[in-house]
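Working notes, beginning with the structure itself.
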Amino acid sequence: MSRDAILDALLQATTENENMMWMLAAIRMASRPVQKEQLRDVTNALYKQIHPQAEEMPIRSRHLLDEAAAMLEGAALVHVAEVAKSKRYTLSHLGKELLIYRQQRLQEQNKRKEAGGQ
Numbered sequence: 124m125s126r127d128a129i130l131d132a133l134l135q136a137t138t139e140n141e142n143m144m145w146m147l148a149a150i151r152m153a154s155r156p157v158q159k160e161q162l163r164d165v166t167n168a169l170y171k172q173i174h175p176q177a178e179e180m181p182i183r184s185r186h187l188l189d190e191a192a193a194m195l196e197g198a199a200l201v202h203v204a205e206v207a208k209s210k211r212y213t214l215s216h217l218g219k220e221l222l223i224y225r226q227q228r229l230q231e232q233n234k235r236k237e238a239g240g241q
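So this is what it looks like as structure tokens:
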């Protein structure tokens with residue numbers, strides 16, 4: 124598989140579970156390890172910042188938090204360090220690469236829309 128094919132597959136998986144992408148972005152924005160207990164708060168805060176009118180947050184329960192965190196961990200998009208009894212999440216190199224790739228794809232789509240609209 125090519126690099127783009129791998130990143131496309133990961134992007135599709137994280138897009139299907141939108142919580143995963145919000146969590147990745149929140150971890151990147153935090154610029155520090157984020158404890159699992161704080162991950163819900165930073166993710167929902169970022170979502171609220173982007174969508175101020177939203178009434179429903181992406182991470183509404185511990186179940187959704189655990190599910191998305193496990194998928195990110197399983198896909199190697201985050202590093203997990205266990206400190207005492209808590210887990211701390213940071214972006215892995217692959218997670219950073221996926222976010223960059225997603226941004227590039229969005230920019231390409233916007234350029235195509237602009238070119239098609241003229």
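Under the numbering used here, the residues of the sequence shown are numbered 124 to 241, in order.
We put the CB at the ideal spot given by N, CA and C, even for glycine.
Distance between Lys-171 and Ala-153 (C-alpha atoms, nearest Å): Looking at the two C-alpha atoms, the distance is approximately 15 Å.
Have a look at Met-194 and Met-143 and give me their C-alpha separation to the nearest angstrom. Whole-angstrom Cα-Cα distance: 8 Å.
Supposed contact pair Lys-159 and Ala-207 - C-beta distance, whole angstroms, cut 8 Å: At roughly 12 Å, the Cβ-Cβ gap does not stay under 8 Å, so Ala-207 and Lys-159 are not in contact.
Among Asp-127, Arg-183, Leu-147, which one has its Cα closest to the Cα of Ala-91? Any answer about residue 91 is impossible in this case: the structure gives the chain only from 124 up to 241.
Write down the C-beta distance between Ala-149 and Leu-169 rounded to the nearest angstrom, noting that I regard them as a contact closer than 8 Å. Going by Cβ atoms, the distance from Ala-149 to Leu-169 rounds to 5 Å, so yes, they are a contact pair.
Let me confirm a value: Gly-239 is counted as buried when at least 16 other C-beta atoms fall within 10 Å, else exposed. Which label applies? Burial is judged here by how many other beta carbons sit within 10 angstroms of a residue's own beta carbon; Gly-239 has fewer than 16 and is exposed.
Going by the beta-carbon positions, is the gap between Tyr-224 and Leu-134 smaller than 8 Å? Contact: yes.
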